[in-house]
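Notes for the one structure printed next.
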Amino acid sequence: MNEAIPQLVNYDEPSLEAAFATLAEEVRAADTTDPEAFRLHWLGRKQGRLKLVSEAWLKSAPAEARKPLGIRFNQLKQQIEAALEAPAAKPAVAAVQGIDISLPGTFRAPGIPHPLLKTMQEIVAVFHHLGYSTNLGPQVESDFYNFEALNFPPNHPARDTQDTLVIANQQTRPSRDRLLMRTHTSPVQIRTMIEQGPPVRIVIPGKVHRNDAADATHSPIFHQVEGLCVDTNITFSDLKGTLDHAMKALFGSDVKTRFFPSFFPFTEPSADVQISCIFCGGKGCRKCKHSGWIELLGCGMVDPAVFAAVDEQRIAQGKEPAYSPEKITGFAFGMGVERIAMIQHGISDIGHFYSGDMRFLEQFA
Ligand code: DAH
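Numbering (the working numbering), first residue to last: 10 to 374.
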């Protein structure tokens with residue numbers, strides 16, 4: 010319902026001023042989200058408020074008041090039309106009062122890369138500078154690529170460390186073809202070597218999945234960067250030199266690395282890499298559990314059984330075998346992006362990365 014037009018008793022300047030100011034304020038405060046409704050309300054031919062104003066005030070105005078009244082009437086009309094042209098911005102105020110340049114402008118915060126993406130790109134960049142290129146693979150992976158070709162035979166106990174979600178209703182398929190959410194980025198090593206012969210120098214960033222309960226340092230979905238270097242004459246010292254360089258590039262040139270014997274089915278020998286604690290410089294603190302060292306990634310020399318699985322597949326696809334362990338050696342490594350980002354930034358709860366809390370994310374802008 011349109012409100013009635015207020016009565017105009019006097020036509021002197023102050024009365025006109027006050028009457029039109031009330032209407033200007035009404036226009037300014039009006040909802041313009043439905044421009045057609047707004048237009049009808051103010052400019053409708055029969056019942057529009059402007060028409061009512063004209064009938065109530067203009068017709069009975071004394072001759073000397075016509076001019077000041079007309080001027081104000083036109084200003085009001087312009088204000089309404091301006092509001093219609095830019096309903097969202099409501100620039101009608103500007104039409105009457107001028108633009109207040111002291112008010113803050115419309116602010117749109119620019120987007121930033123997520124801190125995890127940033128760290129992932131940093132890691133990848135370190136290896137790009139060493140001549141590596143990037144390869145990607147699917148997150149829904151077959152048992153063959155995720156386990157079998159990487160020398161985890163069916164029922165091997167090493168599979169227990171990487172439990173995952175398995176796609177339903179695949180009992181009729183051979184076990185190697187069954188689909189699952191990949192538990193690591195290592196299957197892309199196999200995909201790459203089946204596709205291309207040596208030399209291979211690649212990094213593989215990506216998302217992986219495990220049946221792990223979420224806590225301060227674990228998440229069932231997380232990210233890894235894998236690396237693979239295969240050529241003639243690749244030795245364990247190449248692996249050590251490469252990873253020592255990468256850790257110094259990521260954490261600062263003071264950082265030291267050390268290698269501990271470990272086990273992965275797809276590398277032999279295998280090692281865990283530790284870096285000197287970046288929080289205490291190796292003296293021992295709570296972050297490094299007073300050992301002076303932080304465990305960061307796994308690595309090793311590619312197991313000949315992996316090369317054999319690759320060549321078998323190449324032959325099955327009509328390609329030349331290319332990975333004879335007599336001629337070809339290689340190393341591989343895999344690291345958790347969350348873990349590295351947490352150490353870089355001193356973050357103690359992995360959940361912050363996924364919470365979408367702007368107070369956390371904005372710190373990385
Ligand atoms: N795939 C291993 C994991 O997810 C990490 C890893 C260890 C990758 C050693 C490698 C490697 O390529 O050589 O736990």
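Even for Gly, the Cβ is constructed at its ideal location relative to N, Cα and C.
Chain D contact for residue i (CB, 8 Å cutoff)
{"i": "P113", "result": "No chain D is part of this structure, which consists of one protein chain only."}
Beta-carbon spacing of residue i, residue j below 8 Å
{"i": "G293", "j": "S285", "result": "no"}
{"i": "V197", "j": "N144", "result": "yes"}
{"i": "A331", "j": "G236", "result": "no"}
{"i": "H193", "j": "V217", "result": "yes"}
{"i": "F272", "j": "S279", "result": "yes"}
{"i": "V239", "j": "V311", "result": "yes"}
{"i": "F275", "j": "V315", "result": "yes"}
{"i": "R187", "j": "Q148", "result": "no"}
{"i": "T128", "j": "V346", "result": "yes"}
{"i": "S357", "j": "A223", "result": "no"}
Residue i versus residue j - alpha carbon distance
{"i": "L306", "j": "C297", "result": "15 Å"}
{"i": "V209", "j": "S142", "result": "9 Å"}
{"i": "I6", "j": "S111", "result": "Residue 6 is absent from the structure shown; the chain starts at 10 and stops at 374."}
{"i": "A255", "j": "I132", "result": "8 Å"}
{"i": "G309", "j": "F260", "result": "21 Å"}
{"i": "P15", "j": "P77", "result": "18 Å"}
{"i": "V18", "j": "G53", "result": "25 Å"}
{"i": "N164", "j": "E157", "result": "10 Å"}
{"i": "L126", "j": "S333", "result": "37 Å"}
{"i": "S262", "j": "H227", "result": "29 Å"}
{"i": "A72", "j": "G79", "result": "11 Å"}
{"i": "S24", "j": "A74", "result": "11 Å"}
{"i": "N220", "j": "H232", "result": "14 Å"}
{"i": "H50", "j": "L61", "result": "11 Å"}
{"i": "Q326", "j": "G339", "result": "23 Å"}
{"i": "M202", "j": "V319", "result": "7 Å"}
{"i": "E70", "j": "A28", "result": "Rather than Glu, the amino acid found at residue 70 in this sequence is Ala. Going from the Cα of A70 to the Cα of A28 covers about 14 Å."}
{"i": "F116", "j": "E371", "result": "15 Å"}
Cβ-based burial, residue i [other Cβ within 10 Å; buried from 16]
{"i": "A98", "result": "Its pLDDT being 48, under 50, A98 is placed unreliably by the model, and nothing is read from it."}
{"i": "I324", "result": "exposed"}
{"i": "N155", "result": "buried"}
{"i": "H361", "result": "buried"}
{"i": "P166", "result": "exposed"}
{"i": "Q88", "result": "buried"}
{"i": "F269", "result": "exposed"}
{"i": "M367", "result": "exposed"}
{"i": "T31", "result": "exposed"}
Those residues which DSSP pairs with residue i across a bridge
{"i": "L306", "result": "V282 and M344"}
{"i": "S228", "result": "Looking at the DSSP assignment, S228 forms no beta bridge with any residue, so it has no partner."}
{"i": "L189", "result": "E150 and V175"}
The ligand MG heavy atom lying under 7 Å from the CB of residue i
{"i": "G215", "result": "Summarising the ligand content, the structure contains the ligand DAH and does not contain the ligand MG."}
Query raised in the report: Given 8 Å as the limit, is there contact between the region 165-183 and the region 238-250, that is, 3 or more CB pairs closer than that?
Result: no
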